[in-house]
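Residue numbers (my numbering): 3 to 289.
Note that CB positions come from ideal geometry on N, CA and C, so glycine has one too.
Written below as structure tokens is the structure these notes are about.
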């Protein structure tokens, strides 16, 4: 992605409200609204961080643009968005027949690109070019928090990671957007120089890890919304950054009707549980 420079967005601590992270969205804006409602999200004081992959095969382009433009949303570039930028670099707003015949569009989950007009395509591309590769902020408890899409390469500390992103190092850029080395090698040593990192890209169903998967201090937020997972359940996860309280709204399966407020509370391993053991989720306001 020659003209997409990696950037790091630094944000101050939110002293007025709460911070949340949402996993890979894949166009599931109906589930997002349910999740935000469930936690009594306040758009005037709360912030919502996105780990990327807002676009997907189910994308409604206008809804994605609306999401990125919400003043309380802070999103990083995801692999799906990076693929779209790469496609744009190759072909612009046109779509050569060889790409369609070769199923390039469909393999990347970008067939919706064929159905939108020139002006909307340019709006999307210009919006994506403003997205950072990483976000850094702090919590009221003084914890340094990072938001990325995929991973920090094993053996690299947070400051070195940011430095290489700023230099537009292609290897580190790839890791930030597409990397799975920690997952493949089950690397669970923490990234030094930062307290918590929230990432997506690789899907973990809650039953796989008895809650959200964690690799070192990287919390994996993608729980498979809008994916065909067979008999496994998938949904959209929303995590409060400071307390790490989290919920998942399940995707609607064929033949299943989800009732309002039908969410599941996910567990976080004790290493990240900063709440007292006696704390519970109140029946009405769980956050």
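Original post:
Is the segment 183–198 touching the segment 141–161 in the sense that three or more CB pairs, one from each, lie closer than 8 Å?
Top reply: At 8 Å Cβ cutoff, the stretches touch.
Original post:
Buried or exposed: where does residue 190 fall if 16 or more other Cβ atoms within 10 Å of its Cβ makes it buried?
Top reply: For the purposes of this step, residue 190 is identified with residue 188 of the chain shown, where counting begins at 1. Result: exposed.
Original post:
According to DSSP, which residues form a beta bridge with residue 77?
Top reply: The residue given as residue 77 occupies position 75 in the chain shown. Beta-bridge pairing links residue 77 to 52.
Subject >> Helix, strand or coil at residue 263 according to DSSP, with G and I counted as helix >> reply: Within the chain shown, numbered from 1, the residue matching residue 263 stands at position 261. Reliability fails at residue 263, whose pLDDT of 48 lies under 50, so the model's placement of it is uncertain and no value is given.
Subject >> Residue from 47, 48 and 69 with nearest C-alpha to residue 27 >> reply: By one-based count along the chain shown, residue 27 stands at place 25. The residue with the shortest Cα to Cα distance from residue 27 is 69.
Subject >> Segment limits, alpha helix (DSSP H) that includes residue 129 >> reply: Against the chain shown, residue 129 aligns to sequence position 127. Start and end: 120–130.
Original post:
For residue 20, which three-state DSSP category applies?
Top reply: In the chain shown, residue 20 corresponds to position 18, counting from 1. Of the three classes helix, strand and coil, the one that applies to residue 20 here is coil, per DSSP.
Original post:
Which term fits residue 73, buried or exposed, when burial requires 16 or more other beta carbons within 10 angstroms of its beta carbon?
Top reply: In the chain shown, the residue the question calls residue 73 occupies position 71. By the neighbour-count rule (16 or more Cβ atoms within 10 Å), residue 73 is not buried but exposed.
**OP:** State buried or exposed for residue 21, treating a residue as buried only when at least 16 other CB atoms are found within 10 Å of its CB.
**Re:** Indexing the chain shown from 1 puts residue 21 at position 19. Buried.
**OP:** Would you identify the three-state DSSP class for residue 67, choosing helix, strand or coil?
**Re:** Locating residue 67 in the chain shown gives position 65, where the first residue counts as 1. Judged by DSSP in its simplified three-state form, residue 67 adopts helix.
Subject >> Neighbourhood of residue 258 by C-beta distance below 7 Å, restricted to the same chain and skipping five residues each side >> reply: Looking up residue 258 in the chain shown gives position 256. For residue 258, the pLDDT reaches just 45, beneath the cut-off of 50, and the residue's location in the model is therefore unreliable, although a value from the coordinates is still provided. Closer than 7 Å at the Cβ level, and outside the excluded window around residue 258, lies no residue.
Subject >> Coarse secondary structure for residue 12, derived from DSSP in three states >> reply: If you number the chain shown from 1, residue 12 lands on position 10. In the three-state scheme derived from DSSP, where H, G and I count as helix and E and B as strand, residue 12 is classed as strand.
Subject >> residue 134, buried or exposed, once every other Cβ within 10 Å from all chains shown has been counted against 16 >> reply: Position 132 of the chain shown holds residue 134. Around the CB of residue 134, 16 or more other CB atoms lie within 10 Å, so the residue is classed as buried.
Original post:
Do you know offhand how far residue 194's Cα is from residue 118's?
Top reply: Position 192 of the chain shown, counted from the start, is the residue given in the question as residue 194. Position 116 of the chain shown, counted from the start, is the residue given in the question as residue 118. Computed Cα separation, rounded: 44 Å.
Subject >> Whole-number beta carbon distance between residue 81 and residue 152, since they are thought to touch under 8 Å >> reply: In the chain shown, residue 152 corresponds to position 150, counting from 1. In the chain shown, residue 81 corresponds to position 79, counting from 1. Sure, about 7 Å apart at Cβ, within 8 Å.
**OP:** From the DSSP output, in three-state form, read off residue 147 for me.
**Re:** The residue you call residue 147 lines up with position 145 of the chain shown. In the three-state scheme derived from DSSP, where H, G and I count as helix and E and B as strand, residue 147 is classed as strand.
**OP:** Report the three-state DSSP secondary structure of residue 183 (helix, strand or coil).
**Re:** If you number the chain shown from 1, residue 183 lands on position 181. Looking at residue 183 - three-state DSSP - the assignment turns out to be helix.
Original post:
Cα separation between residue 158 and residue 126?
Top reply: As a first step, residue 158 must be located in the chain shown, where it is residue number 156. As a first step, residue 126 must be located in the chain shown, where it is residue number 124. Here the alpha carbon of residue 158 sits roughly 32 Å from the alpha carbon of residue 126.
Subject >> C-beta atoms of residue 77 and residue 58 nearer than 8 Å >> reply: Position 75 of the chain shown, counted from the start, is the residue given in the question as residue 77. Position 56 of the chain shown, counted from the start, is the residue given in the question as residue 58. Contact flag unset, no.
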